[in-house]
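Every number in my numbering is 808 more than the matching position in the sequence shown, counting from 1.
Cβ atoms here follow ideal geometry from the backbone N, Cα and C, with glycine treated the same way.
Below is one structure, written out as structure tokens; the observations come after it.
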Amino acid sequence: MTRKTQASEYSLAEEIANSISHGIGFVLGVVGLVLLLVQAVNSGADTTAIASYSLYGGSLILLFLASTLYHAIAHQRIKRWLKKLDHCAIYLLIAGTYTPFLLVGLNSPLAHGLMIAIWSLALSGVIFKLAFAHRFEVLSLTTYLVMGWLSLIVVYQLAVKLSAGGITLLALGGAVYTLGVVFYVCKRIPFNHAIWHGFVLGGSLCHFLAIYLYVA
């Protein structure tokens, strides 16, 4: 169970853990999207809000689904394409998570400008990943982190709009994601990727709660 297969950089046991961890995230993502949309409809939210929640929930579901399938499927050619999709989905989730905060929570000129910048970076990142596949991993990882912490540009506005609880959840989610990167890059730690997945789940949960409780 510990021998690494030719098609994967992880052992079979690790891939099972990787698949299950983000499979749980996929299920939670679906539930979260339903909860957001139900709350939005019940509160009389406008079209922009509903579209924002849908975009966020869709990006969350896509990330966890792509990751789950990538780690669950052993076929090399399919696995390579799923890895591309998995990495592209990270850019989309970062931008998707920003969307409710910027368009619904703030809805200011500064927020709109940051929204354009973040989605431009995300789409550029997707094109970059499709063009260069699995090269320049350090650059990609750095871009993910920079995109996430660009939220500091609107941190004061967010602190006013979200109150202490909302901004705490938002910051905690960013910190959890960032701390998880340590395990992502430490390949020698057994089950390092499954541990990283745990941090992704934790960061995603913090941001979902911030949106559900303080934005929606």
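- Taking 8 Å as the upper bound for CB-CB distance, Ala1024 and Gln884 are not in contact here, some 42 Å apart.
- Note on Thr856: under 16 other CB atoms within 10 angstroms of its CB, so exposed under the neighbour-count rule.
- Put simply, the segment 1011 to 1021 touches the segment 973 to 984. At least three CB pairs are less than 8 Å apart.
- With 16 or more neighbouring CB atoms inside 10 Å of its own CB, Pro908 falls in the buried class.
- Each residue's CA atom was taken as its position, placing Gly852 and Leu836 some 24 Å apart.
- In the three-state DSSP reduction, Ser916 falls in the coil class, being neither helix nor strand.
- In the three-state reduction of the DSSP assignment, Ala874 falls in the helix class, which pools H, G and I.
- Less than 8 Å divides the Cβ of Ile902 from the Cβ of Gly956.
- In the structure shown, the three-state DSSP call for Phe909 is helix.
- Cβ contact annotation for Ala930 (same chain, cutoff 8 Å, sequence separation greater than five): Tyr899, Leu900, Ile902, Ala903, Met955, in chain order.
- Minimum Cα-Cα distance from Phe991 among the listed residues Glu945, Ile1003, Val1008, Gly981 corresponds to Ile1003.
- The residue from Ser916, Lys887, Gly831, Leu841 with its alpha-carbon nearest to that of Tyr964 is Ser916.
- CA-to-CA, the gap between Leu970 and Cys896 works out to about 29 Å.
- In its chain, beyond the 5 residues on either side, Ile961, Val962, Gln965 have a beta carbon closer than 8 Å to the beta carbon of Leu918.
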